[in-house]
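For reference, the structure discussed in these notes is given below.
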Amino acid sequence: MSSVVDMLRRQQPRPAATSSTAAAPDVVVPSSVASAIAREAPADPAPRATTTTAAATHARSSQPKARSSTPSSSSAAASSSSSAASDPAQSPLSANAALLATLPWVERFAPVAAAELCVHKKRIEEVEAWIQIAIQQAGRRAGATNGKAHKVLLLTGPPGAGKTALIRSLASSLRFEICEWVNPVRESWKHSMASASTAAMLSASGTSEERASNQEANLSTVVAFQEFLGRSDRYNTVAVEANQTSTTSSNAGLLGVLPTVGQADGSSPSNLGKVILVEDMPHLVPSQYASFHDVVRNAAAHARYPVIFIISDTRNGESEVRNLFPLDVLETLPGYNAPRVHRISFNAVSQTALVKAITRVHQLALRSSSILEVPQLDKSEIATLALTSSGDVRAAINALQFYCLEQKVLQRRRFAEMETSKTRQVEPNSNGRSTSTGTKRSLQEENASSEVRLDRHSKVRIITRKSGGAKFSPDSDAEDCVVIDDSDDETTQDFIPARKIDDNPEDQSTLDGSDDDASGDNESTEPGWLKRNAPGARRPLAKQIPDAKDLSVAVVAAPTSLLATGRDTSLFLFHALGKILNCKRGPACLPMEELLTTESNRRRELLMNPEEVIDQTHVSPELFVAYLHQNYSEFYADLDDISHAADHLSDADLLLGGWRNKDSLQSHASLVAARGIAYERQHPAPQSWRPLHKPEWFASVRAQRTSRDTFRSLFLVPRALSQGLDADSPTPFHMLPVRSVITELLPIVGRFPAPRTGLNPRQMSFLHFFARFTTGGRATIAKLDENDNDERDEPPVDPTALVAASSSLASAPAIPPPITESSTRQTATVNAPLYMLDDDIEEFD
Amino acid sequence: MALWVDKYRPTNLDKLDYNLTLSKQLKHLVSAGDFPHMMVYGPPGAGKKTRVMCLLRELYGPGVEKLKVEHRTFKTPSDAKLEIITIASNYHIELNPSDAGTQDRLVVQDILKEIASSHQLDTQTQRSFKVVVLTEVDKLSKDAQHALRRTMELYVSTCRLILLCNSTSKVLSPIRSRCLGIRIPAPTVPEIVTVLQSIARKEGISVSGDFATRIAESSDRNLRKAILSFEACRVQQYPFVSNQPIQKADWEVYVEQTASEILGEQSPKCLLAVRGRMYELLSHCIPADIIIKSLTNVLLRSIDRSLKIELVQWAATYEHRLQLGSKPIFHLEAFVAKFMSLYKRYRLNLGY
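What follows is the structure, encoded as structure tokens:
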């Protein structure tokens with residue numbers, strides 16, 4: 001994306017300000033000043049734009065090595081001399097605004113204030129509190145902070161949850177600057193870039209450091225990263241004012257050292273706090289993890305400025321987090337009462353917050369662009385956009401922009417068509433419409449709406465003729481409205497006037513009150529309709545969605561164009577299991593089902609589609625079936641149902657069993673299991689919250705393997721027999737198949753006193769451990785976390801572990817190998833209430 | 001270390017306590033000079049291995065009792081190392097190829113080739129062939145069995161095979177037809193009692209016929225189990241009391257508890273608890289087919305005759321399924337659920 005931004009920028013006739021930013025690919029930009037300016041901009045008429053990083057603020061550019069950027073988008077506004085900082089779009093004439101207009105909406109309308117964020121309030125407070133303390137502590141070494149080291153913060157969460165946006169917004173409200181690490185790029189590429197923009201570079205204002213690029217290229221990433229941390233810790237960023245350009249540019253080219261304009265700690269130009277942000281995690285190969293951990297530990301102990309790491313969850317679970325921040329890095333140091341690395345995990349953005357965010361951006365877009373640019377959207381469309389983006393704000397806003405683009409094209413076409421079809425006879429062909437909206441409207445209503453349609457066609461012509469252009473209402477200040485309507489039924493087949501469009505308070509303020517009531521029931525009256533097209537009112541382009549919360553219905557009802565913009569949804573395993581185990585059913589049978597003669601075989605319509613659910617869960621069928629098996633029985637109330645479902649699972653396992661046909665039958669296995677479980681659930685257990693568990697099977701297999709291997713090494717391998725026995729001659733354990741030894745010999749021999757058996761203490765302790773059976777309790781089973789996806793959690797079996805296991809058996813008898821897979825991610829989720837997507841809440845409540 | 005099982009194991013065909021006709025026939029076979037491939041099969045604890053060892057002694061003399069454990073490593077085509085433990089004398093080698101898992105074919109071929117490639121040194125006084133004893137042949141993969149069939153023919157001049165297994169049903173018929181099948185039936189209860197009493201005599205302890213019978217009955221006609229249990233009882237308490245509990249393996253006790261749980265309550269919750277117990281058993285390396293079998297045996301004891309047929313039928317069904325499938329727990333649970341649902345219906349019909 002950022003490359004697109006660059007490209008666009010290059011195409012622009014660049015004023016001095018922009019060229020400086022584009023040509024400032026390197027290192028630390030004095031953003032403190034920039035942000036300060038940004039805040040003061042409205043009051044300050046003097047154009048000081050040149051220092052800011054302008055619109056590139058939020059673009060995660062790939063070319064700079066390290067870039068410090070201003071925290072808010074208002075920096076862009078600052079560059080356009082006298083405009084209001086809060087509304088960047090209101091200065092359409094400025095050159096920067098033109099540049100701004102080419103930015104994607106995600107960047108252009110990035111949130112500034114905390115209220116605009118989609119993050120849960122508690123999470124904001126948590127992060128804010130941490131950073132506040134951290135900034136207060138800045139400058140003091142970790143040792144001098146009463147054991148509360150607020151040095152390293154780790155933010156995790158799904159992409160588009162607002163992690164970065166939160167930090168950036170806090171930067172402006174808490175007044176600190178951000179120094180960001182960006183992975184170094186290859187040498188050769190850098191050179192070409194540098195030569196391309198040499199001139200610009202020379203006049204570059206903010207970027208004052210040229211890294212020792214030829215050295216850097218050869219350094220390992222970890223070393224480079226460590227250096228970066230050290231450097232940003234030791235020196236302040238350069239503060240350069242716009243008019244000082246010439247003086248500072250000479251500093252560029254110093255190797256390895258930050259130009260230190262305001263060296264002294266206190267005399268830092270802005271007196272602002274500083275936070276080091278690492279979002280672009282250093283590219284590491286596994287062998288470098290250890291040294292990365294050292295860097296983090298070091299930072300936690302000695303860093304002066306807080307370091308914030310941001311890692312997005314991927315559907316591969318949290319593997320990256322686990323690699324980069326294993327438990328021993330996260331743990332609390334002795335003598336400290338806070339963990340070394342504080343971890344806060346974010347959840348996917350909720351539906352309501354998404355709708356809010358989309359509405360906000362849409363409003364901003366409406367205000368900022370000329371009339372035909374952005375179409376009005378109605379609530380259902382926004383809801384659908386929110387739904388299809390699966391909790392990802394970034395995806396949602398991108399989808400919004402894309403959708404608006406499409407609508408724009410549609411509108412233009414309609415304009416053209418309307419011009420040509422002035423003489424065309426309009427027919428009410430409402431009979432041919434599809435009725436897939438999910439709501440059943442009465443015939444009357446249909447007729448009524450078709451009348452409306454007729455009316456509207458004529459009206460539209462009138463209006464368009466009258467207005468000629470698009471500007472319709474002279475009195476509308478900001479919210480101009482497009483008043484074209486559709487005359488072709490192909491594009492908007494299911495057009496119904498929106499009845500509840502005016503719920504939104506923002507809109508109501510611009511509406512005259514009578515309109516609301518009139519539109520409530522009286523659709524066919526002309527005034528109501530006319531007024532709906534009055535300024536400020538929103539016009540539905542898509543179908544009416546009856547219940548936006550119900551995903552399945554909404555998605556079915558949404559026009560394909562909306563679906564096309566949606567993020568490719570992938571379900572976390574947690575939700576997928578929930579969907580299948582809770583299998584919701586509709587009120588009635590499908591007509592097909594009615595044909596079944598036996599009453600007991602009929603089921604009501606299934607509201608989820610197992611194929612789809614399985615498709616969206618990126619887990620192997622084998623694992624999926626194992627998860628289903630682990631969790632299904634708690635969702636049943638009736639034993640007979642369970643017995644049938646268990647049969648289906650048994651069938652599924654048969655399909656997974658034969659290795660010859662495994663590839664072709666695997667997918668069927670998960671379907672057999674899922675559908676079987678859904679079908680047999682005639683007496684569901686009462687609705688309540690049930691935690692889902694990870695399959696015990698794998699732990700059991702692991703235990704089995706460990707026991708077998710320990711047995712082997714203790715009893716069968718000759719060197720284990722060296723004590724007391726002739727190493728060469730076989731023992732009874734050799735003479736029998738392992739199976740018989742384990743089931744017949746071992747349990748009895750374990751009861752004999754050691755002298756009688758001639759076994760050594762290690763062997764005896766193994767026998768004692770082996771003979772111990774506990775009544776299996778569910779408490780020990782690892783729970784499935786919401787964000788977990790697949791992972792079998794099978795550590796590679798290495799021989800050293802076995803030796804360790806057997807030796808631990810010897811030293812401390814009868815301690816089963818601990819299964820610690822669950823403990824790894826407790827820290828984060830304990831204090832954070834699990835947040836779930838709306839449909840899941842509905843399911844689990 | 002001398003467990004009674006080993007201490008009093010007969011080493012001579014003449015000393016075997018039961019299946020006397022069979023011993024006589026084997027003796028004739030050896031003296032006849034011609035010695036075919038053999039497949040010895042029978043339930044566990046019937047004395048297959050003991051008999052084979054006696055047979056080998058008959059063939060080669062006492063030298064065959066000097067055994068040594070060897071560790072052999074094989075290299076798979078993918079360069080992975082494979083370790084197999086073999087027990088060998090100068091005249092024979094014994095191994096359990098199913099230890100090699102999926103690579104059993106390789107092991108079978110390599111070992112046979114190695115043994116067969118060298119002739120006996122002294123063919124005048126010794127037999128001209130060596131013997132390879134393969135245990136748990138019914139656990140061999142089909143691939144390995146085919147490989148076995150071919151090598152059996154190839155090296156027949158220098159080595160003979162004795163295959164041991166519990167059941168011939170899983171052995172390919174070409175192999176079965178190339179072997180002389182010898183079935184070793186399990187000892188009857190009186191036979192076990194005789195053995196136990198002879199051991200007691202040699203140990204110098206007294207055991208009542210009643211107590212010995214109880215041990216024999218609880219051993220499922222498995223002599224090894226009976227002797228082990230007998231020794232465990234001796235360790236636990238001597239002189240024996242008539243009502244002394246028969247020592248059983250812990251897992252068997254655990255299975256009995258599980259069965260009583262199943263009979264006590266039939267509900268989803270109980271099923272979940274039973275699942276936990278099944279996992280516990282599986283984690284202790286108790287094979288799933290043994291679990292299902294012993295569970296069925298315990299259940300059979302305490303249910304009405306009308307249910308027994310169905311129980312056995314379902315047990316057989318699910319045992320078959322778990323052999324075909326990959327995760328036995330699925331089938332164990334399905335079996336328990338099925339029985340619970342049957343038993344619940346039965347109890348409802350009775351009007352409980």
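Sequence lines, in order, name chains S and V. Residue 1 is where the first sequence starts when you use full-length UniProt numbering, and the numbers rise one by one after that. Residue 1 is where the second sequence starts when you use full-length UniProt numbering, and the numbers rise one by one after that. Where a beta carbon is used, it is the ideal one built from N, C-alpha and C, also for glycine.
By alpha-carbon positions, which one of V:V156, V:L140, V:E256, V:L134 ends up nearest to S128 (chain V)?
V:V156
Quick check on residue 855 (chain S): does DSSP put it in helix, strand or coil?
What the structure shows of chain S is the stretch from 1 to 845, and residue 855 (chain S) is not part of that stretch, so it cannot be assessed.
Starting from V349 (chain S), trace the alpha helix (DSSP H) both ways and give me its first and last residue.
Note, V349 (chain S): premise wrong, no alpha helix (DSSP H); not H, not E.
When burial is assigned at 16 or more other CB atoms within 10 Å of the CB, is T388 (chain S) buried or exposed?
So T388 (chain S) counts as buried.
The alpha helix (DSSP H) with E593 (chain S) in it runs from where to where?
591-594
Can you list, in chain order, the residues of its chain with a C-beta nearer than 8 angstroms to that of E683 (chain S)? Leave out the 5 residues immediately preceding and following it.
The sequence shown places His at residue 683 (chain S), rather than the Glu named in the question. Same-chain partners within the cutoff: Y636, A637, D638, D641.
Short CB-CB distance (under 8 angstroms) between A674 (chain S) and chain V
no
Starting from the Cα of E593 (chain S), find the closest Cα among S:L606, S:K584, S:L581, S:P282 and give me that residue.
S:L606
Partner residues on chain S for D6 (chain V), Cβ-Cβ distance less than 7 angstroms
P732
Nearest chain V C-beta to L735 (chain S) closer than 8 angstroms, yes or no?
Going by the sequence as given, residue 735 (chain S) is Met instead of Leu. Chain V contact via Cβ: present.
Could you tell me whether the Cβ atoms of L342 (chain V) and L300 (chain V) are closer together than 8 angstroms?
no
Quick one: Cα of T168 (chain V) to Cα of Y41 (chain V), how far?
7 angstroms
Residues in the same chain with beta-carbon distance under 8 angstroms from E333 (chain V), minus the five sequence neighbours each way, listed in chain order, please.
Excluding residues within five positions, the ones whose Cβ falls inside 8 angstroms are L271, V274, R275, M278.
Could you check if N222 (chain V) is buried or exposed, using at least 16 other CB atoms within 10 Å of its CB as the buried criterion?
buried
Can you name the residues that DSSP bridges to H146 (chain V)?
Note: H146 (chain V) sits in no beta bridge, so no partner.
Could you spell out the range, first to last residue, of the beta strand (DSSP E) harbouring R183 (chain V)?
180-183
How do the region 754-772 of chain S and the region 702-721 of chain S stand: do at least 3 beta-carbon pairs fall below 8 angstroms, yes or no?
yes
Selection of the region 679-710 of chain S by Cβ proximity to chain V, strictly under 7 angstroms
E696, W697, S700, A703, Q704, S707, R708
Taking only beta-carbon atoms, is F752 (chain S) less than 8 angstroms away from chain V?
yes
Helix, strand or coil: how does DSSP classify A77 (chain S) here?
In this prediction, A77 (chain S) has a pLDDT of 36, which is less than 50 and means its spatial position is unreliable; what the coordinates show is noted afterwards. Reduced to three states, the DSSP call for A77 (chain S) is helix.
For a cutoff of 8 angstroms on Cβ pairs, would you count D647 (chain S) as touching chain V?
yes
Name the two residues that bound the continuous alpha helix (DSSP H) containing E94 (chain V).
From DSSP, E94 (chain V) is part of no alpha helix (DSSP H) but of the beta strand (DSSP E) over 92-95.
Go to T176 (chain S), then tell me how far its beta strand (DSSP E) extends in each direction, as first and last residue.
The identity of residue 176 (chain S) in the sequence shown is Phe, whereas the question assumes Thr. Counting along the chain, the beta strand (DSSP E) containing F176 (chain S) begins and ends at 176-181.
Can you tell me whether DSSP reads R751 (chain S) as helix, strand or coil?
coil
Just the Cα atoms here: how many angstroms apart are P174 (chain V) and T11 (chain V)?
Distance between P174 (chain V) and T11 (chain V), taken at the CA atoms: about 32 angstroms.
Who are the neighbours of W251 (chain V) on chain S, taking C-beta pairs under 8 angstroms?
T743, P747, F773
Under 8 angstroms, Cβ to Cβ, is there at least one residue of chain V near S765 (chain S)?
no
Of the residues V:I262, V:K130, V:M38, which one's Cα is nearest the Cα of A114 (chain V)?
Strictly speaking, residue 114 (chain V) in this sequence is Glu, with Ala absent from that position. Minimum Cα distance to E114 (chain V) is reached at V:K130.
Restricting to Cα atoms, I'd like to know which of S:A646, S:A626, S:R604, S:R751 is closest to P695 (chain S).
Among S:A646, S:A626, S:R604, S:R751, the Cα nearest to that of P695 (chain S) is on S:A626.
Chain-ordered neighbours of Y636 (chain S) on chain V, where CB pairs are closer than 7 angstroms
P268
Quick check: the region 157-165 of chain S against the region 347-356 of chain S, are at least 3 beta-carbon pairs closer than 8 angstroms?
A contact exists between the region 347-356 of chain S and the region 157-165 of chain S.
When the Cα atoms are used, what is the spatial distance from V152 (chain S) to W251 (chain V)?
51 angstroms
Bridge-paired residues (DSSP) for A88 (chain V)
V:K68, V:I93
Verify the CB distance criterion: does E136 (chain V) have a CB-CB separation below 8 angstroms to chain S?
Chain S, which has a Cβ nearer than 8 angstroms to the Cβ of E136 (chain V), makes this yes.
Thinking C-beta only, is V298 (chain V) closer than 8 angstroms to V255 (chain V)?
Yes, these two residues count as a Cβ contact at 8 angstroms.
Do we get a CB-CB distance below 8 angstroms when we pair A288 (chain V) with the residues of chain S?
no
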